[in-house]
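Enquirer: Take this structure first; my questions come after.
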Amino acid sequence: MSSSPGILSHPDFRRLWIADLLSQLGSRLGMMAAPLLAVLTLDASTLQVSLLRTSETAAWLLLGLFAGAWVDRVRCLPVLVAADLGRAVLLGSIPVAAWFGVLTLTQLYVVLALAGLLTVLFDVAHSSYPPRLLAPEQLLPGNAKLAANHSVAAVVGAGAGGFLVQWLSAAVTLGLDALSFVWSAIWLRSIRTPESRPVPPERPNLRREIGEGLRYVFTHPLLRPIALNQTTTMLFQAASGAVMIVFLVREIHLSPSLIGLLSMTGLLGALAASWFTERLSTRIGDARALVLGSVAIGVAFTLQALTTPGWGLAWYVLGTLLAAIGIIVSYILAISARQRLCPPDLQGRVSATMSFVSWGAAPIGSLLGGLTATAIGLRPTLLLAGIATLLGSSWLLPLRNLRSFPAPVHADS
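Numbered per numbering that gives the first Met the number 0, the sequence shown spans residues 0 to 412.
Here it is, written out as structure tokens:
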């Protein structure tokens with residue numbers, strides 16, 4: 000199955016794809032609802048709002064590398080189901096507390112931090128699972144379909160989240176996020192393809208196994224620039240994302256529903272990118288397409304910082320559209336490159352290392368965004384984040400002449 004539409008004829012991949020779509024949609028509802036809950040209901044400051052994202056993503060710094068070594072020793076599917084159910088319970092506590100009038104910022108921080116730990120386990124297992132389910136030639140179309148979920152959820156979830164917050168309240172919207180994880184777990188449990196337990200190392204040594212993943216990434220001539228680019232992008236994307244809702248509410252004076260509506264404008268770009276990424280990589284080469292996607296993200300974030308009331312909202316619309324294209328192109332090609340370049344016995348550790356260095360930058364970026372916005376203002380912070388993201392695409396320049404990513408190449412070969 001070399002084409003993207005054909006991959007859905009694989010019944011168990013179709014179940015994985017549906018579960019992923021449900022989970023992604025719920026997560027995006029939560030990403031929109033949590034800061035709106037803090038701003039509109041709990042009257043949080045800019046710094047307090049940025050700390051929400053910090054608490055949620057800090058788990059990558061605490062657990063990221065360990066998760067990779069652990070996932071390489073276990074079956075992925077049970078981890079995915081358990082993580083979904085655990086997040087459902089945690090997020091379900093928020094509307095319950097709101098119903099009884101006892102919801103506080105502290106509870107919100109704790110719930111997001113604990114859910115973040117489960118998200119780390121889920122994401123590492125989810126990234127390592129497709130090579131155990133699909134043939135090598137199915138990975139690119141499979142990743143394209145999963146990336147389409149990512150982009151559609153980012154846009155639709157943000158839009159729906161804005162409307163739901165306005166109609167139902169932010170706390171109830173987070174309850175819907177919890178239900179999406181339950182529904183995702185049900186679909187994952189329906190997968191029937193046997194997943195064999197990985198052969199454990201003869202001499203288990205967690206520190207050595209983590210070190211192998213780190214060394215493979217940072218001594219590999221192709222994975223190293225991808226990892227550095229992802230880290231830079233995530234750092235400044237997190238800085239921008241941590242204050243964007245505050246910027247749109249308090250400086251542009253938008254309602255939650257209008258924020259959601261404008262955020263949905265990236266849907267066309269996201270869907271288009273999911274469709275043409277495979278064609279783009281065939282025409283100009285995987286690495287050059289990856290460079291192009293990274294540049295697009297930096298330009299997009301810079302354009303969003305130019306947003307003003309009235310017709311100036313067009314900058315936010317254009318930036319959102321371009322960001323959706325750049326993020327989805329980069330996601331598909333980066334994860335496909337990692338899965339292709341990495342030997343099977345290192346998939347979990349290399350996935351965790353790549354996620355650790357990129358997502359580990361997210362809590363730092365969120366805190367940086369909140370502190371910078373408090374010191375110099377919201378718009379200058381967004382502008383600086385966009386320019387820095389654009390400059391971060393230069394990490395990928397050594398890959399610009401590469402046409403396609405080869406089979407696994409060990410760093411010492």
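C-beta atoms are modelled at their ideal positions from N, C-alpha and C, and glycine is treated no differently.
Everything numeric in this text was worked out from a predicted model, so none of it was measured.
Residue 169 and residue 84 - do their beta-carbons sit closer together than 8 Å?
Expert: No, these two residues do not count as a Cβ contact at 8 Å.
Enquirer: Keeping to the same chain, check which residues put their C-beta closer than 6 Å to that of residue 233; ignore five residues upstream and five downstream.
Expert: Once the five neighbours on either side are set aside, the close Cβ partners of residue 233 are 357, 360, 361.
Enquirer: To the nearest angstrom, report how far apart residue 14 and residue 336 are at their CA atoms.
Expert: Rounded to whole angstroms, residue 14 to residue 336 spans 24 Å at the Cα level.
Enquirer: Suppose you measure from the CA of residue 397 to the CA of residue 88; what does that come to, to the nearest Å?
Expert: Roughly 45 Å separates the two Cα atoms.
Enquirer: Around the C-beta of residue 155, are 16 or more other C-beta atoms found within 10 angstroms, so that it is buried, or is it exposed?
Expert: Burial call: buried.
Enquirer: Considering only the beta carbon of each residue, do residue 350 and residue 127 sit closer than 8 Å?
Expert: Against a cut-off of 8 Å, the Cβ pair of residue 127 and residue 350 comes out as a contact.
Enquirer: Please classify residue 251: does DSSP put it in a helix, a strand, or coil?
Expert: Here residue 251 sits in coil by DSSP.
Enquirer: Count the other C-beta atoms from every protein chain shown that fall within 10 angstroms of the C-beta of residue 411, then say buried if there are 16 or more, exposed otherwise.
Expert: Confidence at residue 411 is low in this model, with a pLDDT of 43, below 50, so its placement is unreliable and the value that follows should be read with caution. Label assigned to residue 411: exposed.
Enquirer: From residue 271 to residue 100, what distance separates their C-alpha atoms?
Expert: So the alpha carbons of these two residues sit roughly 44 Å apart.
Enquirer: Determine the direct distance from the alpha carbon of residue 228 to that of residue 322, and round the result to whole angstroms.
Expert: Near 16 Å, if we compare the C-alpha coordinates of residue 228 and residue 322.
Enquirer: Since residue 300 and residue 239 should fall inside the 8 Å C-beta cutoff, what is the C-beta to C-beta distance between them, to a whole number of angstroms?
Expert: 5 Å between Cβ atoms; contact.
Enquirer: May I have the straight-line CA-CA distance separating residue 63 from residue 310, to the nearest angstrom?
Expert: Near 43 Å, if we compare the C-alpha coordinates of residue 310 and residue 63.
Enquirer: Helix, strand or coil, according to DSSP, for residue 341 in the structure here?
Expert: Reduced to three states, the DSSP call for residue 341 is coil.
Enquirer: Comparing C-alpha positions only, which one of 49, 81, 70, 341 sits nearest to residue 214?
Expert: Of the candidates 49, 81, 70, 341, the one whose C-alpha sits nearest the C-alpha of residue 214 is 341.
Enquirer: Short of 6 Å in beta carbon distance, which residues of its chain neighbour residue 2, apart from the five on each side in sequence? Order them along the chain.
Expert: Low per-residue confidence applies at residue 2: pLDDT is 40, beneath 50, and the placement is therefore not dependable, though the value from the model is reported in the following sentence. Excluding residues within five positions, none has a Cβ falling inside 6 Å.
Enquirer: Could you check the C-alpha separation between residue 90 and residue 111 for me, to the nearest Å?
Expert: If you take the alpha carbons of residue 90 and residue 111, they lie about 8 Å apart.
Enquirer: Expressed to the nearest angstrom, what Euclidean distance is found between the alpha-carbon atoms of residue 23 and residue 118?
Expert: For residue 23 and residue 118, the distance between alpha carbons rounds to 11 Å.
Enquirer: Can you tell me whether residue 219 is helix, strand or coil according to DSSP?
Expert: Coil, per DSSP.
Enquirer: Quick one: residues in its chain with C-beta nearer than 7 Å to the C-beta of residue 130, no 5 flanking neighbours on either side, listed in chain order?
Expert: Correct list, in chain order: 138, 338, 343, 346.
Enquirer: What's the call for residue 286, buried or exposed, on a 16-neighbour Cβ count within 10 Å?
Expert: It is buried - the Cβ of residue 286 has at least 16 other Cβ atoms within 10 Å.
Enquirer: Can you tell me whether residue 204 is buried or exposed, with buried defined as 16 or more other CB within 10 angstroms of its CB?
Expert: With fewer than 16 Cβ atoms within 10 Å of its Cβ, residue 204 is classed as exposed.
Enquirer: Residue 193 by DSSP, collapsed to three states: which one?
Expert: In the structure shown, residue 193 sits in coil (DSSP, three-state: anything other than H, G, I, E or B).
Enquirer: Quick one: grab the DSSP three-state call for residue 135.
Expert: DSSP places residue 135 in helix when its eight states are reduced to three.
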